[in-house]
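Asker: The opening position of the sequence shown corresponds to residue 146 in this note's numbering, with each subsequent residue numbered one higher.
Sharing a structure with you now.
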Amino acid sequence: MKSAIVKSATIAPNLFDSSLLKTATLDALRKLDPRRLARNPVIFVTEVVSLIVSLFFVRDLAGHDGAALFTGQIAAWLWFTVLFANFAEAVAEGRGKAQADALRKTRSATQAKRLIDPSGKSRMKAVYQTVNALDLRVGDVVQVEAGDIIPGDGEVIEGIASVNEAAITGESAPVIRESGGDRSAVTGGTSVLSDKIVVRITAAPGSTFIDRMITLVEGASWQKTPNELALSILLSGLTIIFLIVCVTLWPIAAYSGTVLPVTVLIALLVCLIPTTIGGLLSAIGIAGMDRLIRFNVIATSGRAVEAAGDVDTLLLDKTGTITFGNRMADEFLPSTGVTEAALAHAAQMASMADETPEGRSILALAKSRYDVEEPDLVGRAVVSVPFTAQTRLSGLDMDGRSFRKGAVDSVLKLAGLPPETAPAQFRQAVERISRSGGTPLAVCEDKRLLGVIHLKDIVKPDIKQRFAALRAMGIKTVMVTGDNPLTAAAIASEAGVDDFIAQATPEDKLAYIRREQQGGRLIAMCGDGTNDAPALAQADVGVAMQTGTQAAREAGNMVDLDSDPTKLIEIVGIGKQLLMTRGALTTFSIANDVAKYFAIIPALFIVTFPQLGALNIMHLASPHSAILSAVIFNALIIIALIPLALKGVAYRSIGAAALLRQNLLVYGLGGIIVPFIGIKLIDLAISALHLA
């Protein structure tokens, strides 16, 4: 039940959800605090002039001035402009807060079984006490049984279990978590479906993955990126320029004999400054991080989201990223005179007591490919032979029969065969496996050589097609591995990467990234191990796998909850979408000022300069109606564009030149045409209602 609660938290609420809109409306009112609005100069100026017009409205009411209706409407719509801008940001933040609230409830309700004496020989049978998950500390050891929620981030130190990670990944298929190897990391908030594990807590309360996720999805950590800062400076500059223009219009109008009320000048100012993009800018950034979350990627900074849109090269660690992380049985190659079924049976028997991932993969292959059923060992004389560094063999003795598997030279020695006298088919199989970068395991029954098991790094499914998609986006893929060049080349070819770096040390990865960055390229790095941490930290976009080590997750600026290295396709798409949305709405915002010139400029000076009537191409009813229509449109267009700001402009893999033409046509030309239509329709409504 608790897991389901958390899973629902990763799904963004609908934009028109009533509770979300109610919360966003209240937040929009709270954001009227000038200290908060000062971070957004465009909207801050709008709030200041709204207050000034409100004071003029009070004056007009007190003086029973006929201008009170006009002044009051201008004041109201100016305040709506500020509120709509705040509302856009509040909706973007509210989507994250709704997810965070559900996560927080689950976090505080989880109970943990903390072992009293974790140093005992068998922790599975140790005595424990029940405590709240928030009371756990780094180093505490807890026992988690089937049906329990894992109380915190940690590492499995004993046992193996099936874990439901839908709470953080949204993926319903369970995964195996076990002590040792690459699958020992577990995340607080996930649940154990079967068996029992002992977990050592590795993160203190407040710094667990879910705690960081809560902070991130609330949007609290969004910091302005370099591009956004540059755009903010541009918007501030335009605001100052138009402020100077409007102030200087007053003496110019007075000199020409035209009386310009302050309310009218303020209306002109608000219509000319870029309030549309100023009101939507922060919402666009927060929504970008929110879209990443819905793809099960957590970004620790807006800078990383933005940088993802310009990535040139992707480095991927092989083990656990491109491959599953453990060598697994891929095929059985029998010797002369031995059937594949006989070899599969012997390999299965030799692996019955082998709890390693390789041993379990042999059992799975024997059953799936040859339908070999596991024998019932109850009541039979069975002796398991564990693997040792000295013998390099493991197996099983049962009912007087002996089954062994292990290193080729060790099995040949057990069978009493010098390497040169082994069957030719056997030697050829060993050579082929070694040449392909795999690991050959020889199998024998009662000292009779049966054949070879091919262990190999299994490349994750569909990864080659995904890398082809990255190539189509202009992104070069580079596999980094500590394997020898032969093995690296085989895996690189199967995975379909563009290049590889073999026998790579952490220093090699770091040097490669720095060299590429000095050449002006933006680098993304995907990894899951502690040895990947320096490269993840150096990369412009460091994507750590959720199944990886704590060090890797701390070093990266993104965490992929699905541990899918090709998720960079979605990450790059969202980064490009963020840049495109910001650019498109900026283009629209600046372009829609053109219609306002044709609405307000004639209205200001038509009495003194009747020739300006030629500019009234919309045939607006009156100067007051023209000014009021422009102000109303200026407010309404912000709320009309909120869905686009939150959803983002659709990304398609087209060239930069084609993309520029498309944006200019749709958002540039559209930004000119739409205000003409909108202002005219509002003017007709105002005239019909006699509001001006």
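Where is the CB? At the ideal position from N, CA and C, for every residue including glycine.
1) Thinking C-alpha only, which one of Met-497, Ser-555 and Lys-550 is nearest Val-527?
2) Report yes if the CB atom of Ala-656 is closer than 8 Å to the CB atom of Asn-629, and no otherwise.
3) Distance check for Leu-388 and Ala-680, CA to CA, integer angstroms please.
4) For His-599, name the three-state secondary structure that DSSP assigns.
5) Taking the Cβ atom as the reference point for each residue, do Asn-848 and Ser-427 lie within a distance shorter than 8 Å?
6) List, from N- to C-terminal side, the alpha helix (DSSP H) runs of 4 residues or more that fit wholly inside the region 644–689.
7) How many whole angstroms separate the CB atoms of Val-625 and Asp-499, which I take to be in contact at a CB cut-off of 8 Å?
8) Given Val-553, which residues of its chain have a CB within under 7 Å of its CB, disregarding the five upstream and five downstream residues?
9) Thinking C-beta only, is Asp-340 closer than 8 Å to Thr-291?
10) Output the distance between the C-alpha atoms of Arg-698 and Thr-458, rounded to the nearest integer angstrom.
11) One question on the structure: do Ala-278 and Pro-263 come within less than 8 Å of each other, judged by their Cβ atoms?
12) Is it true that the region 666–685 meets the region 417–433, where meeting means three or more beta-carbon pairs spaced less than 8 Å apart?
13) Residues bridged to Gly-586 by DSSP?
14) Around the Cβ of Ala-365, are there at least 16 other Cβ atoms within 10 angstroms (buried) or fewer (exposed)?
15) Any idea what DSSP makes of Tyr-128, helix, strand or coil?
16) Excluding the 5 residues preceding and the 5 following Gly-627 in the sequence, name in chain order all residues of the same chain whose CB lies nearer than 7 Å to its CB.
17) Does the distance from the C-beta atom of Val-450 to that of Gly-720 stay below 8 Å?
18) Beta carbon of Phe-548, beta carbon of Ala-491: below 8 Å?
19) Kindly indicate which three-state DSSP category Asn-761 falls into: helix, strand or coil?
20) Mind reading off the beta-carbon distance from Ala-775 to Lys-825? Whole number of angstroms is fine, and I expect it under 8 Å.
21) Starting from the Cα of Leu-174, find the closest Cα among Ala-444, Arg-204, Ala-207 and Thr-226 and give me that residue.
22) Taking only three categories from DSSP, how would you classify Ser-324?
23) For the region 489–513, which segments carrying the beta strand (DSSP E) assignment without a break, of at least 3 residues, lie completely within its bounds, in sequence order?
24) Report yes or no: do the region 205–225 and the region 391–405 share at least 3 C-beta pairs separated by less than 8 Å?
25) With a threshold of 16 other CB atoms inside 10 Å of the CB of Arg-722, please say whether the residue is buried or exposed.
26) Which one or two residues does DSSP pair with Asp-542 in a beta bridge?
27) For the alpha helix (DSSP H) containing Ser-264, name the first residue and the last one.
28) Using only the heavy atoms of the ligand COA, determine whether one of them is closer than 7 Å to the beta carbon of Ala-278.
29) Considering Cα atoms alone, identify which of Asp-298, Ile-342 and Asp-455 is closest to Asn-372.
Answerer: Let me lay it out:
1) For the purposes of this step, residue 527 is identified with residue 382 of the sequence shown, where counting begins at 1. Checked all of Met-497, Ser-555 and Lys-550; the closest Cα to Val-527 is Met-497.
2) To locate residue 656, count along the sequence shown from 1; it is residue 511. To locate residue 629, count along the sequence shown from 1; it is residue 484. Not in contact: Ala-656 and Asn-629 (Cβ atoms no closer than 8 Å).
3) Here residue 680 is taken as the residue at index 535 of the sequence shown, counted from 1. Here residue 388 is taken as the residue at index 243 of the sequence shown, counted from 1. Each residue's alpha carbon lies about 48 Å from the other.
4) For this step, residue 599 is matched to residue 454 along the sequence shown. Three-state DSSP puts His-599 in a strand.
5) It is not possible to answer for residue 848, since the shown part of the chain is limited to 146 through 837.
6) 651–663 and 678–683
7) Taking the first residue of the sequence shown as 1, we reach residue 625 at position 480. Taking the first residue of the sequence shown as 1, we reach residue 499 at position 354. That belief does not hold up - the Cβ atoms of Val-625 and Asp-499 are roughly 30 Å apart, past 8 Å.
8) Taking the first residue of the sequence shown as 1, we reach residue 553 at position 408. These residues qualify, in order along the chain: Val-575, Pro-585 and Ala-587.
9) Numbered from 1 along the sequence shown, position 146 holds the residue referred to as residue 291. Numbered from 1 along the sequence shown, position 195 holds the residue referred to as residue 340. The identity of residue 291 in the sequence shown is Ala, whereas the question assumes Thr. Closer than 8 Å, so yes.
10) Taking the sequence shown and counting its residues from 1, the one referred to as residue 698 is at position 553. Taking the sequence shown and counting its residues from 1, the one referred to as residue 458 is at position 313. Using only the alpha carbons, I get a separation of about 20 Å.
11) Taking the sequence shown and counting its residues from 1, one reaches residue 278 at position 133. Taking the sequence shown and counting its residues from 1, one reaches residue 263 at position 118. No, they are not a contact pair.
12) no
13) On the sequence shown, residue 586 is found 441 positions in, with the first residue counted as 1. Checking the sequence, you will find Leu at residue 586 rather than Gly. DSSP lists Ile-598 as partners of Leu-586.
14) Counted from its first residue, the sequence shown places residue 365 at position 220. With a pLDDT of 42 at Ala-365, under the threshold of 50, the predicted position of this residue should be treated as unreliable, though the coordinate-derived value follows. Exposed: under 16 other Cβ atoms inside 10 Å.
15) Absent from the model: residue 128. The displayed extent of the chain is 146 to 837, so no value can be given.
16) Counted from its first residue, the sequence shown places residue 627 at position 482. Here the set comprises Gln-648 and Ala-649.
17) By 1-based counting over the sequence shown, the position of residue 450 is 305. By 1-based counting over the sequence shown, the position of residue 720 is 575. Yes. Within cutoff.
18) If you number the sequence shown from 1, residue 548 lands on position 403. If you number the sequence shown from 1, residue 491 lands on position 346. Yes, they are a contact pair.
19) In the sequence shown, residue 761 corresponds to position 616, counting from 1. Here Asn-761 sits in coil by DSSP.
20) Locating residue 775 in the sequence shown gives position 630, counting from the first residue. Locating residue 825 in the sequence shown gives position 680, counting from the first residue. No, Ala-775 and Lys-825 are not in contact; Cβ-Cβ is about 11 Å, not under 8 Å.
21) As a working mapping, residue 174 is identified with position 29 in the sequence shown. When only C-alpha atoms are compared, the closest one is Thr-226.
22) Against the sequence shown, residue 324 aligns to sequence position 179. Coil at Ser-324, not helix or strand.
23) none
24) no
25) Here residue 722 refers to the residue found at position 577 of the sequence shown. Checking the displayed sequence, the identity of residue 722 turns out to be Gln instead of Arg. Gln-722 comes out buried.
26) As a working mapping, residue 542 is identified with position 397 in the sequence shown. Paired residues: Val-528 and Ser-547.
27) In the sequence shown, the residue the question calls residue 264 occupies position 119. No alpha helix (DSSP H) contains Ser-264, which DSSP labels as neither H nor E.
28) You won't find the ligand COA in this model; it holds no ligand whatsoever.
29) The residue you call residue 372 lines up with position 227 of the sequence shown. Comparing Cα-Cα distances from Asn-372 to each of Asp-298, Ile-342 and Asp-455, the minimum goes to Asp-455.
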